[in-house]
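Worksheet: one structure, shown below.
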Amino acid sequence: MTRSTTTVEILRPSSFPTEGFDVVTGAFSYSGGAIARRLLDAGRSVRTLTGHPERADRTPEVDVRPLDFDDPIALPNSLEGATTLYNTYWIRFPHGRVGHDVAVANSRALFHAARQAGVERIVHVSITHPSLTSPYGYFRGKAEVERALAEVGLPFAVLRPAILFGGDGVLINNIAWLLRHLPVFAVGGSGAYRIRAIHIDDLAALATDQGVSRTNCVLDAVGPDRPTFYELVTLIRESVKSRTPIVRVPGAVVPAMSKLVGLVLHDVLLTKEEFTAMEDGLADTDGPATGSTRLTEWIQSHADTLGQSYANEIVRHFR
């Protein structure tokens, strides 16, 4: 699948319809939470489909329904009457019995439930460079989900971020944490592979703008900065005033080192697939920026708080 060059019509909150409500999958998670907050700020009623209903007290104004892919009746019923479905459902890495193949099947079931319920539009968060022939299960699965969305027959927008930052994001914070605590920080290979990140609020703005459009589009969701990974780590190190040396090591060493540190932290820091995909340039695009927040400026302005605590992915998503 290729990146669309569709011209984007930017729509402001005043363009939102006054009737109905919107559904966000995972409104208590990272990207889903940012989208839900923006919709609420625009005066929209929001319902979430979530695997974590126990987190409902975090945003009491959101109507909570379970995200149960095994219930073919409850799923469309939970979507009945919704104007737009904002879908952030996915898994970063296989865990337990749920792999990327299961996530694809679940996504397909969700889209068909949306069509059955009469949802008017789907805004789907994907990834840069999805491909049905990708050697990486994550990117291949994302491409399969995009195909399923196109086949379901509803108006849609696909947003393709590479890496997110801001808010309680994990990647930048945990790099800072490691630089504050490790005796050495290893960068795999040359470190010259680039990172095209978008601020979480810019992604939410892009998503809600597309929620009120009725034109099918596929957009890279990326910010204006494209530092190399080595430049990124160096900037974080300087910003948090770390003295940890940054060393280049063979790329094959990084996944093993990440796994070892992950065992100590009871987390998954970086999978082999994630590192290799990043090294292959899949966290970068050469298209125009669709977000305005500069990653470099944000890191410098948040240096005092970055990495003060560790953000554990396993705890966030599976416990």
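Just so we're aligned, residue 244 is where the sequence shown starts under this note's numbering, counting upward by one. For glycine and all other residues, C-beta sits at the position ideal for the given N, C-alpha and C. All figures in this text were calculated on a predicted structure; none of them were measured in a lab.
Asked                                                                                                                             : Found
Which stretch, first to last residue, makes up the beta strand (DSSP E) that contains R290?                                       : 288-293
What does a CB cutoff of less than 6 angstroms around E363 pick up in its chain, not counting 5 residues either side in sequence? : T326
Starting from Y329, trace the beta strand (DSSP E) both ways and give me its first and last residue.                              : 325-330
So is K484 buried or exposed if we call it buried at 16+ other beta carbons inside 10 Å?                                          : exposed
Quick one: give me the first and last residue of the alpha helix (DSSP H) that P319 is part of.                                   : 317-322
Which of the three DSSP states is assigned to H338 in this structure?                                                             : strand
Can you pull the DSSP bridge partners for R188?                                                                                   : This structure gives no information on residue 188, because the portion of the chain shown stretches from 244 to 562.
Distance, Cα to Cα, S369 vs V490?                                                                                                 : 32 angstroms
Could you have a look at G524 and say whether DSSP puts it in helix, strand or coil?                                              : coil
Does the separation of the CB atoms of D571 and T539 fall below 8 angstroms?                                                      : Since the first residue of the chain shown is 244 and the last is 562, residue 571 is not available in this structure.
Could you give the distance in angstroms between the alpha-carbon of T268 and the alpha-carbon of A554?                           : 21 angstroms
For R364, which of helix, strand or coil comes out of DSSP?                                                                       : strand
I'd like the ranges of any alpha helix (DSSP H) spanning at least 4 consecutive residues and lying wholly in the region 380-445.  : 380-395, 414-424
Going by the beta-carbon positions, is the gap between I438 and I406 smaller than 8 angstroms?                                    : yes
For V430 versus V388, is the C-beta spacing smaller than 8 angstroms?                                                             : no
Would you list the one or two residues that DSSP bridges to I518?                                                                 : Residue identity check: residue 518 is Phe in the sequence provided, not Ile. Partner(s): none; F518 has no beta bridge.
Can you tell me where the alpha helix (DSSP H) holding P493 begins and where it ends?                                             : Segment: none, P493 is in no alpha helix (DSSP H) and carries neither H nor E.
Between the alpha carbons of T451 and R403, how many angstroms are there, rounded?                                                : 14 angstroms
Taking its Cβ as the centre, do 16 or more other Cβ atoms sit within 10 Å of P319, making it buried, or is it exposed?            : buried
So is S535 buried or exposed if we call it buried at 16+ other beta carbons inside 10 Å?                                          : exposed
Looking at the strands, I want to know which residues DSSP matches up with E471.                                                  : Before going further, note that residue 471 is Thr rather than Glu in the sequence given. DSSP lists R437 as partners of T471.
Are the Cβ atoms of A488 and V401 separated by less than 8 angstroms?                                                             : According to the sequence provided, residue 488 is Pro. The question's Ala does not apply to it. Their beta carbons are not under 8 angstroms apart, which means P488 does not touch V401 by this criterion.
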